Amino acid sequence: MPYTSSMLVDLKFSAQEFPTIIVNDGSVETVEQAKLWVSENVESLKKELGCSGAILFRGFPVVDAQDFDDFFAAFEYPNFTYKESLSNAVRVNHTEYVFTANEAPKGVEIYLHNEMAQTPIYPGIISLFCENAADHGGETVICRSDFVYERLLAAEPKLTAELEAKGIKYTTMMPAQDAPESGQGRSWRGTLSVESITEAEEKLGSLGYSWQWNDDGSLSAQTSALPAIRTLEAGRKVFFNQIIAAYSGWKGVKDNPSKALCFGDDSEIPKHFLETIVGIANDVSYNLLWQDGDVAIVDNNLAMHGRLPYSGDRKRKVLVVLGLE
Ligand SMILES: [Fe+2]
């Protein structure tokens, strides 16, 4: 039987709808057909993604890392590899482009963030594939960055304007060796793609960081002022950063936020403002409870993501591909 599919009737191109969910009606039976379906509809799908910020594809015949690589490739986003990133999470590659989402243990929550927004180099697109869902929990939390900005501006207009005007500096600690048990345990050699201290310092200097070597061989590095609120096309403003992940998740930062975060002019970010940000983001988050075979594509400029803890014997396996727009 020839392949035909008319599964796009529900696209709304609405900026209020989040996320978009497309369920295979059975007309896409093979990976080859899935690739063809994406290729045929790629313009509509990208337009929808630009409006809603995230699309979940459910019930498509995507079973393993290679299928996922093929499915994502049909969108023809230029690739953004983990190696060239400055991501501080430990990950394992499954194909040239597909890698594990985060090796952090199941009890550890990964708090909301725009991917790699704590570095000057970040992807425009993040796609996640659930090969094995957890028995319990393990939802990927997604949260619209423009919704957060709008509510934050209403709740704290002065501090939000200050955040936008000054930007933000992040201080991170990169261990001497990979520490997979940590959500941010990638060594400085891995993070910076270098072999020596001299190379590390050259790289940090070229990226505008300041840094300090610690007695245990780890490296503390502070970014230059990075934007924390960005303006996208058509004036759409987004809360684009890693403030929540740093404040809620990085070691010791909740008690002492200035350890990792400050405004771009080195002044302190008030703790009550950080708490307000976390509360607002929680209010507008969507918890994506995975089913095996689900693929989600998230516009990294428009939406943050995170991961809830999980439990049970089943090994949760969620894989990631990054792309440039
Ligand atoms: Fe992430």
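Under numbering that gives the first Met the number 0, the sequence shown is numbered contiguously, ending at residue 324. Think of the CB as a built atom: it goes at the ideal place given N, C-alpha and C, for glycine as much as any other residue. Just so we're clear, the structure is a prediction, and the values are computed from it rather than from any experiment.
Near ligand 2: residue 200 beta-carbon under 7 Å from a heavy atom | Ligand 2 is not among the ligands present in this structure, which contains only ligand 1.
Please check the pair residue 276 and residue 242, which I expect to be a contact at CB under 8 Å, by giving their CB distance rounded to whole angstroms.
-> In this structure residue 276 touches residue 242 by the C-beta definition: roughly 6 Å separates them, less than 8 Å.
Is residue 102 near ligand 1, judged by its Cβ being under 7 Å from some heavy atom?
-> No, ligand 1 has no heavy atom inside 7 Å of this Cβ.
Tell me whether residue 114 counts as near ligand 1, meaning its Cβ is closer than 7 Å to at least one heavy atom of that ligand.
-> At least one heavy atom of ligand 1 sits closer than 7 Å to the Cβ of residue 114.
Using a Cβ-Cβ cut-off of 7 Å (strictly less than) and excluding sequence neighbours within five positions of residue 268, which residues of its own chain qualify?
-> Only 256, 260, 261, 262 meet the Cβ criterion.
Kindly confirm or deny that the stretch 292-309 and the stretch 60-67 touch, where touching means at least three C-beta pairs closer than 8 Å.
-> At 8 Å Cβ cutoff, the stretches touch.
Looking at residue 304 and ligand 1, is the gap between the Cβ and the nearest heavy atom below 7 Å?
-> Residue 304 has its Cβ nearer than 7 Å to a heavy atom of ligand 1.
List the endpoints of the continuous alpha helix (DSSP H) containing residue 246.
-> In the DSSP annotation of this structure, the continuous segment of the alpha helix (DSSP H) that includes residue 246 starts and ends at 242-248.
Residue 328 and residue 289: beta carbons closer than 8 Å?
-> Lying outside 0 to 324, the shown extent of the chain, residue 328 is not represented and no answer is given.
Identify, in the order they occur along the chain, each residue of the same chain with its Cβ nearer than 8 Å to the Cβ of residue 192, setting aside the five sequence neighbours on each side.
-> Excluding positions up to five away in sequence, the list reads 82, 83, 202.
Residue span of the beta strand (DSSP E) that contains residue 57, given as start and end | Here the beta strand (DSSP E) through residue 57 covers 53-57.
Taking Cβ positions, are residue 70 and residue 30 nearer each other than 8 Å?
-> Contact flag set, yes.
Cβ shell of residue 166 (< 7 Å), same chain only, five flanking positions each side left out | 224, 225, 226, 227, 263, listed in sequence order.
Apart from the five residues on each side of it in sequence, which residues of its chain come closer than 8 Å, Cβ to Cβ, to residue 157?
-> Cβ neighbours of residue 157 beyond the five flanking positions: none.
8 Å Cβ cutoff met for residue 313 and residue 133 = Cβ atoms of residue 313 and residue 133: closer than 8 Å.
Under 8 Å, do residue 19 and residue 53 count as touching if we go by C-beta distance?
-> Yes.
Nearest to residue 112 by CA position, among 266, 21, 284, is which residue?
-> Proximity to residue 112 across 266, 21, 284 peaks at 284, based on C-alpha coordinates.
Which one of 7, 125, 145, 106 has the shortest CA to CA distance from residue 17?
-> Among 7, 125, 145, 106, the Cα nearest to that of residue 17 is on 145.
Helix, strand or coil for residue 159, going by three-state DSSP, please let me know.
-> Residue 159 falls in the helix class under three-state DSSP.
Residue 102 versus residue 89 - alpha carbon distance | Taking the straight line from one Cα to the other gives about 6 Å.
According to DSSP, is residue 73 helix, strand or coil?
-> Secondary structure at residue 73: coil, using DSSP grouped into helix, strand and coil.
Whole-Å CB distance - residue 319 paired with residue 56, under 8 Å assumed = Taking C-beta atoms under 8 Å as the contact rule, residue 319 and residue 56 fail to qualify, at a distance of about 15 Å.
Residue closest to residue 187, alpha-carbon to alpha-carbon, out of 85, 302, 323, 91 = Sorting 85, 302, 323, 91 by C-alpha distance to the C-alpha of residue 187 places 85 at the top.
Output the distance between the C-alpha atoms of residue 300 and residue 138, rounded to the nearest integer angstrom.
-> Taking C-alpha positions only, residue 300 is separated from residue 138 by approximately 21 Å.
Look up residue 168 in the DSSP assignment and say whether it is helix, strand or coil.
-> Note: residue 168 maps to strand in three-state DSSP.
Residue from 38, 14, 9 with nearest C-alpha to residue 24 | Comparing Cα-Cα distances from residue 24 to each of 38, 14, 9, the minimum goes to 9.
Between the Cα of residue 172 and those of 38, 204, 217, spot the shortest distance and give me the residue it belongs to.
-> Ranking 38, 204, 217 by CA distance to the CA of residue 172 puts 217 first.
Residue 78 - partner residues in DSSP beta bridges = According to DSSP, which records beta bridges pairwise, residue 78 is partnered with 322.
Cα-Cα separation between residue 148 and residue 211, rounded to whole angstroms = Approximately 33 Å, taken between the alpha carbons.
Could you tell me the distance, in whole angstroms, from the CA atom of residue 244 to the CA atom of residue 95?
-> Within the model, the alpha-carbon separation for residue 244 versus residue 95 is close to 27 Å.
Own chain, CB closer than 7 Å to residue 316, minus 5 neighbours either side, in chain order | Around residue 316: 130, 131.
Going by DSSP, name the residue or residues bridged to residue 173.
-> Answer is 218.
Could you give the distance in angstroms between the alpha-carbon of residue 15 and the alpha-carbon of residue 302?
-> Each residue's Cα considered, the two are about 13 Å apart.
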